[in-house]
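Read the structure below first, then the notes.
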Amino acid sequence: MATFFQTGRNGSATILCCGRNERTWSGITRHFPHSGSDTGPFSGLRQMKFKVFGALGLALVLAACSNGNTNKGDSSGTGAATQEAGPTPGSEADLVANVGDRVFYELNQSQLSEEARATLDKQAAWLAKYPQVSIQLAGNCDDRGTEEYNIALGQRRANAARDYLVAKGVSASRITTISYGKDRPTADGDDESSWAQNRNAITSVR
Numbered sequence: 001m002a003t004f005f006q007t008g009r010n011g012s013a014t015i016l017c018c019g020r021n022e023r024t025w026s027g028i029t030r031h032f033p034h035s036g037s038d039t040g041p042f043s044g045l046r047q048m049k050f051k052v053f054g055a056l057g058l059a060l061v062l063a064a065c066s067n068g069n070t071n072k073g074d075s076s077g078t079g080a081a082t083q084e085a086g087p088t089p090g091s092e093a094d095l096v097a098n099v100g101d102r103v104f105y106e107l108n109q110s111q112l113s114e115e116a117r118a119t120l121d122k123q124a125a126w127l128a129k130y131p132q133v134s135i136q137l138a139g140n141c142d143d144r145g146t147e148e149y150n151i152a153l154g155q156r157r158a159n160a161a162r163d164y165l166v167a168k169g170v171s172a173s174r175i176t177t178i179s180y181g182k183d184r185p186t187a188d189g190d191d192e193s194s195w196a197q198n199r200n201a202i203t204s205v206r
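Here the sequence shown stands for residues 1 to 206, numbered as in full-length UniProt numbering.
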């Protein structure tokens with residue numbers, strides 16, 4: 001912001017202010033009246049007094065002008081960014097985002113890998129933190145093999161995850177299991193990468 005002021009011979013003062021984001025000047029004129037004639041032996045003293053008081057008045061007005069522009073700049077700024085809220089604690093979204101909702105298995109296997117046990121350890125700790133939450137474990141398979149075989153294999157996978165959680169202190173009454181066999185693939189595709197994603201047990205909040 002730029003600010004200038006001018007004083008007139010008649011005791012008036014004009015203040016010119018321009019904000020940082022403004023292209024126009026705004027003017028404020030301040031008159032400082034005085035009595036008596038401007039001539040005579042004391043006219044110079046009176047004029048000096050007027051100039052002193054005028055300068056003080058101008059300083060106050062200029063300070064107000066400066067503060068006004070500063071506040072305006074603050075109000076029009078971007079401000080602090082609003083923090084986005086995360087998932088609701090104890091929700092399925094919280095489980096997925098902060099813990100992990102699935103474990104994976106090797107072909108035709110239901111044994112838990114070291115990585116699967118690490119994920120289930122985190123799930124057990126999360127369930128201990130939210131004792132009101134119940135879950136469902138769904139066992140899944142890739143699309144190779146018969147329907148009957150994959151339903152049975154998916155059930156063994158869900159049961160393996162459930163038994164591990166129970167061993168870690170989660171009440172069995174909070175857990176249900178189901179097998180979808182090969183009916184609910186996570187990934188579409190007939191390649192090893194897709195098959196590996198579909199051999200899993202997925203935890204969901206009931």
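Quick reminder that beta carbons are idealized off the backbone N, C-alpha and C, glycines included.
Quick one, which of Glu84, Gln111, Thr203, Ser204 has its alpha-carbon nearest Leu153's? Gln111
Cβ-Cβ distance between Asn200 and Thr177 below 8 Å: no
Start-to-end residues for the beta strand (DSSP E) that takes in Glu138: Glu is not the amino acid found at residue 138; the sequence shown has Ala there. Run containing Ala138: 135 to 140, per the beta strand (DSSP E) assignment.
Of all the beta strand (DSSP E) runs that stay within the bounds of the stretch 93 to 153, which reach a length of 3 or more residues? 102 to 104, 135 to 140
Do you know offhand how far Val205's Cα is from Arg174's? 10 Å
Based on Cα-Cα distance, which residue from Gly189, Glu106, Ala97 lies nearest to Arg156? For Arg156, the nearest C-alpha among the options comes from Glu106.
Specify the secondary structure class of residue 211 as computed by DSSP and reduced to three states. Not covered by the structure: residue 211. The range shown for the chain is 1 to 206.
Let me check one thing: in DSSP terms, what residues is Gly181 bridge-paired to? For Gly181, the pairing in a beta bridge is given by DSSP as Asn140.
Could you please give the first and the last residue of the uninterrupted alpha helix (DSSP H) stretch that includes Ser193? 192 to 198
Can you name, in chain order, every residue of its own chain whose Cβ lies under 6 Å from the Cβ of Trp195, other than the five neighbours on each side? Asp142
Which residue wins for smallest C-alpha separation from Thr88, given the options Gln109, Ala116, Tyr130? Considering only alpha carbons, the answer is Tyr130.
Short check: CB of Ala116 to CB of Lys168, under 8 Å? no
Whose CA, out of Tyr180, Ser171, Ala187, lies closest to the CA of Ala128? Ser171
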